[in-house]
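In what follows, a single structure is set out as structure tokens and then discussed.
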Amino acid sequence: AQSVTQLDSHVSVSEGTPVLLRCNYSSSYSPSLFWYVQHPNKGLQLLLKYTSAATLVKGINGFEAEFKKSETSFHLTKPSAHMSDAAEYFCVVITSGTYKYIFGTGTRLKVLA
Amino acid sequence: EPEVTQTPSHQVTQMGQEVILRCVPISNHLYFYWYRQILGQKVEFLVSFYNNEISEKSEIFDDQFSVERPDGSNFTLKIRSTKLEDSAMYFCASRTSGGLMGEQYFGPGTRLTVT
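First to last, the sequence lines map onto chains L and S.
In terms of our numbering, the first sequence has 96 at position 96, counting the first letter as 1, and numbering is strictly consecutive.
Quick note: to get our numbering, add 113 to the position in the second sequence (first position is 1).
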């Protein structure tokens with residue numbers, strides 16, 4: 001069965017410093033992985049997706065993620081945090097069959113001025 | 114850009130009452146989903162719907178829940194007799210075909226509060 005594990009429930013960074021949000025996956029086949037962001041009282045917005053093309057995926061708002069099969073990881077990074085990046089971030093794996101999403105538990109990113 | 118819409122944005126209901134949450138998926142999409150997020154918890158899959166029938170449901174989706182696509186545009190989630198623990202944010206999502214590569218597009222959610 002597919003699953004994702006987000007290793008940090010909370011991450012705090014100072015504005016202008018790099019962001020690293022960690023996600024490990026488990027899948028019996030080559031997975032499709034996504035990162036979504038949820039701002040307070042808002043819906044889910046797709047940041048980026050990996051679907052077995054390039055292992056380094058670029059998304060919106062300067063975020064990117066690298067798929068590492070050897071480490072079963074799909075960590076989300078951004079070189080320089082902005083106050084507007086403060087939100088909840090979800091790592092997601094898609095299942096075969098009905099293509100439902102399996103969500104990680106989320107990482108709340110706090111950006112300090 | 115097309116988007117998934119959901120109504121109402123917030124619904125307050127009393128325990129034991131029936132509620133219907135409405136979603137309008139993107140028009141050319143074929144797969145439809147409901148998820149829920151209890152406050153402070155992760156997003157959980159409820160049900161998927163394809164070709165006018167349920168294709169998969171989670172253990173959360175018991176006999177109190179039902180889904181319908183009544184008119185080819187709306188996609189509804191009905192909770193027959195709400196419980197306090199049904200209080201959550203409910204998200205509708207849709208996708209076109211595309212196998213494992215196609216992402217789901219989410220609506221803004223309906224916050225359901227059961228008192």
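Glycine included, each C-beta is placed from N, C-alpha and C at the ideal position.
Sequence-distant partners of L/K78 (beyond 5 residues in either direction) whose C-beta falls short of 6 Å from its own C-beta, in its chain, are V19, G62 and F63. In this structure, L/G97 is the residue among L/L112, L/G97, L/F90 and L/N24 with its C-alpha nearest to the C-alpha of S/S168.
CA-CA distance, L/Y89 to L/V57, rounds to 16 Å.
Taking a C-beta distance under 8 Å as the contact criterion, S/Q130 and S/T195 qualify as a contact pair. Around the CB of L/L21, 16 or more other CB atoms lie within 10 Å, so the residue is classed as buried. Of all residues in the segment 54-71 of chain L, none has a C-beta nearer than 7 Å to a C-beta of chain S. Residues of chain L with a Cβ closer than 7 Å to the Cβ of S/R182 do not exist, since the nearest Cβ in that chain sits about 16 Å away. Taking a beta-carbon distance threshold of 8 Å, L/L44 counts as an interface residue toward chain S. Taken atom to atom, the span from the alpha-carbon of S/E172 to that of L/A113 is near 43 Å.
The segment 143-154 of chain S makes contact with the segment 200-210 of chain S, as at least three CB pairs between them are under 8 Å. For S/P115, no Cβ of chain L is located within less than 8 Å of the residue's own Cβ.
Between the beta-carbon of L/N24 and that of L/L7 there is about 7 Å, and that keeps the pair under the 8 Å contact cut. Around the beta carbon of L/P31, a 10 Å sphere encloses 16 or more other beta carbons of the protein chains shown; the residue is thus reported as buried.
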